[in-house]
C-alpha cells in the first residue's frame, strides 16, 4: 500500500470516528451515549422553579418567622423583672428560636443562590461546549 493510499484510509477512518461521536451513534442499547440518552440533563426551568421556591420560602420565613420574637423577648424580660424563674427559660427559648430561624434562612438563601449559580454555570458550559464543537468541526474540515 502506498503512503497516499494509507493516508487517505486513515483520514477516512478518523473522519468516520469524529462523525460517530458528534452524531451520537449510541441507541441506548449498546451502552454508548447518544443524543437520546444524555449522561447529564439539566432543565433550566426546573432549576429556576426550585430556586424561586427557595427564595419565596426565605422571604416568607423571614417575615412570618419573626412574629414571635418581640413578644417572647418582652415576656421574658417582664417575667425576669418580676423575679419569675420562667423568665430566663423563656429568654433561652427566644435565643434558641433566633438561632434556628437564622439557620433556616441561611439554608434557604444558600439553596436559592446555589441554584442561580448552577443555572448560570450550565449556561456558560453550554456556550463553551458549543465553541468546542465548532472547533471540532473546523478540524473535521481539515480532514477532508
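In my numbering, the protein residues as written are 57 to 200.
For every residue, glycine included, the Cβ atom is placed at its ideal position computed from N, Cα and C.
Here the structure is a predicted model, which means the values were calculated and not measured.
Q: State yes or no: is the C-beta of residue 40 within less than 8 Å of the C-beta of residue 124?
A: Since the first residue of the chain shown is 57 and the last is 200, residue 40 is not available in this structure.
Q.
In this structure, how does DSSP classify residue 154 when only helix, strand and coil are distinguished?
A. helix
**Q.** Three-state secondary structure (DSSP) of residue 123
**A.** coil
Q) Three or more C-beta pairs closer than 8 Å, one from the stretch 166-175 and one from the stretch 98-108: is that the case here? A) yes
Q: Determine the burial state of residue 176: buried for a count of at least 16 other Cβ atoms within 10 Å of its Cβ, exposed for fewer.
A: Exposed, since its Cβ has fewer than 16 Cβ neighbours within 10 Å.
Q: Decide if residue 156 is buried, meaning its Cβ has at least 16 other Cβ atoms within 10 Å, or exposed.
A: exposed
Q) Between 150, 158, 174, 140, which lies nearest to residue 251 when the distance is taken from Cα to Cα? A) Nothing can be reported for residue 251: it is not among the residues displayed for the chain, which extend from 57 to 200.
Q. Quick one: Cα of residue 120 to Cα of residue 184, how far?
A. Roughly 43 Å separates the two Cα atoms.
Q: Decide if residue 66 is buried, meaning its Cβ has at least 16 other Cβ atoms within 10 Å, or exposed.
A: exposed
(Q) Rounded to the nearest angstrom, what separates residue 197 and residue 71 at their Cα positions? (A) If I take the Cα positions, the gap works out to 9 Å.
Q | Check whether residue 29 and residue 163 have beta carbons under 8 Å apart | A | A query on residue 29 cannot be resolved here, the shown segment of the chain reaching from 57 to 200 and no further.
Q) What's the C-alpha gap between residue 113 and residue 172? A) 15 Å
Q | Euclidean distance between Cα positions of residue 58 and residue 64 | A | Going by C-alpha positions, residue 58 is about 10 Å away from residue 64.
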